[in-house]
Amino acid sequence: MAAQNRLITLNNGVQMPILGFGVFQVPDEHTEQVVTDALAAGYRALDTAASYGNEEAVGRAIAASGIPRAELFVTTKMWIQHTGEDTARREFDQSLRKLGLDYLDLYLIHQPLGDYYSSWRAMQKLHGEGLSRAIGVSNFYPDRLVDLILNNDVTPAVNQIETHPFFQRHTDQRVMAEHGVQIESWGPFAEGKNDLFTNPVLAGIGAAHGKSVGQVVLRWLTQRDVIVIPKSVRPERMAENLDIFDFDLTDDEMGAIAALDGGESLFFDHRDPEKVTWLGGRRVD
Ligand SMILES: NC(=O)c1ccc[n+]([C@@H]2O[C@H](COP(=O)([O-])OP(=O)(O)OC[C@H]3O[C@@H](n4cnc5c(N)ncnc54)[C@H](OP(=O)(O)O)[C@@H]3O)[C@@H](O)[C@H]2O)c1
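FYI, the numbering for the sequence shown is 1 to 285, going by full-length UniProt numbering.
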């Protein structure tokens, strides 16, 4: 099944699977088994973050799998508290150590908050030294993204942002494409908010193809060339979420899903001062 996964070529030539596996909110004590199951199901791209508190468990599963390192694509992210030039470097080293790896495939600035310009300078160096094959950002709205690009040497390869049927990000994707930045979806299922898994439009399209709502959503995103990293702790759903490359949505079906866009986050707005204060106050080990 993994063989059917499509590769996306990033702006520096590095190739990344369009479908990977995310481990946000997987408790540390379950993560090793969950990632072991995901690798057995056929996932080869893994998405974690320092703030998820499970990098070591992800690393143990990678080591135990015996899968050659070159066949994996591992992403982690730097938390706000560790932005800054020296701290970013130390934080990168710590993530690498926790993951048990000697290089990363993609290192992301987790939030557009804190001293992320200094972090980006450190990340450009890491990238230049070959310690991270690609570097990018997450949760950047177009204004912040374009400003970062205009004031630095390396353009982020990826911007990982909330993207799902109720917040579709077409304008963000267009701006990113203009600058050579690849869009990656987080929360492709909106974590089930808005009754996504029983949405009648999505369920109707699924019935027409003999596919589940989850598969329709992942197919819709990948047909838009959006990278996806769905999370599930259940092996049967891991397999279901991988099985999306044997059907195509029609233009009418893509149009019907486009009509579900509410144009707003279902989680939080990174430009809301209260949220910025809350995120900035979160501490990770
Ligand atoms: N950069 C950021 O700020 C940021 C923020 C959030 C997430 N992320 C990344 O994006 C990844 C995905 O987002 P997410 O984990 O927030 O949410 P998500 O993938 O949209 O949704 C996960 C939820 O959907 C359920 N689910 C999964 N597959 C299903 C299926 N086929 N049918 C029915 N239910 C299904 C899961 O339950 P079960 O586990 O019980 O199956 C879980 O409750 C994360 O794991 C993380 O790597 C990044």
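We put the beta carbon where it would ideally sit given N, CA and C, even for glycine.
Residue burial classification, residue i (beta-carbon count within 10 angstroms, cutoff 16)
i: Gly263; result: exposed
i: Ala45; result: buried
i: Lys12; result: The sequence shown places Asn at residue 12, not Lys. Asn12 is exposed by the Cβ-count criterion.
i: Gly128; result: exposed
i: Asn151; result: exposed
i: Lys98; result: buried
i: His170; result: exposed
i: Ala190; result: buried
i: Glu29; result: exposed
i: Pro188; result: buried
i: Ala208; result: exposed
Secondary structure of residue i, DSSP reduced to three states
i: Leu249; result: coil
i: Gln173; result: helix
i: Arg6; result: coil
i: Thr155; result: coil
i: Met1; result: For Met1, the predicted model reports a pLDDT of 43, less than 50, meaning its position is unreliable; a value from the coordinates is still stated below. Looking at Met1 - three-state DSSP - the assignment turns out to be coil, as it is neither helix nor strand.
i: Arg97; result: helix
i: Phe92; result: helix
i: Ala134; result: strand
i: residue 364; result: This structure cannot settle anything about residue 364, because the visible part of the chain is limited to 1 through 285.
i: Phe197; result: helix
i: Gly204; result: helix
i: Asp285; result: coil
i: Leu266; result: coil
i: Ile244; result: coil
Cα-Cα separation, residue i to residue j
i: Ala3; j: Ala41; result: Any answer about Ala3 is weak, because its pLDDT of 41 lies below 50 and its placement is not dependable; what the coordinates show is given next. Going from the Cα of Ala3 to the Cα of Ala41 covers about 12 Å.
i: Gly100; j: Ala70; result: 14 Å
i: Arg219; j: Gln94; result: 35 Å
i: Tyr116; j: Gly84; result: 6 Å
i: Glu236; j: Phe21; result: 14 Å
i: Gln33; j: Tyr103; result: 23 Å
i: Pro27; j: Gly206; result: 31 Å
i: Ser212; j: Arg234; result: 15 Å
i: Phe24; j: Tyr52; result: 6 Å
i: Leu19; j: Gly281; result: 32 Å
i: Leu266; j: Arg60; result: 33 Å
i: Arg224; j: Arg121; result: 31 Å
i: Asp285; j: Lys125; result: 24 Å
i: Ala177; j: Thr155; result: 12 Å
i: Ala258; j: Asp251; result: 10 Å
i: Trp278; j: Leu221; result: 30 Å
i: Arg283; j: Asp246; result: 43 Å
i: Val181; j: Thr36; result: 31 Å
i: Ile80; j: Val217; result: 30 Å
i: Glu91; j: Arg174; result: 32 Å
i: Asn194; j: Gly214; result: 14 Å
i: Ser65; j: Leu39; result: 7 Å
i: Ile227; j: Thr198; result: 23 Å
i: Asp248; j: Arg89; result: 43 Å
i: Pro17; j: Glu184; result: 11 Å
i: Glu55; j: His110; result: 15 Å
i: Arg133; j: Thr9; result: 12 Å
Residue(s) in a DSSP beta bridge with residue i
i: Phe21; result: Leu46
i: residue 321; result: The chain is shown only over 1 to 285; residue 321 falls outside these bounds and no answer can be derived.
i: Glu184; result: Gln160, Ile227
i: Met16; result: Ile8
i: Phe167; result: His164
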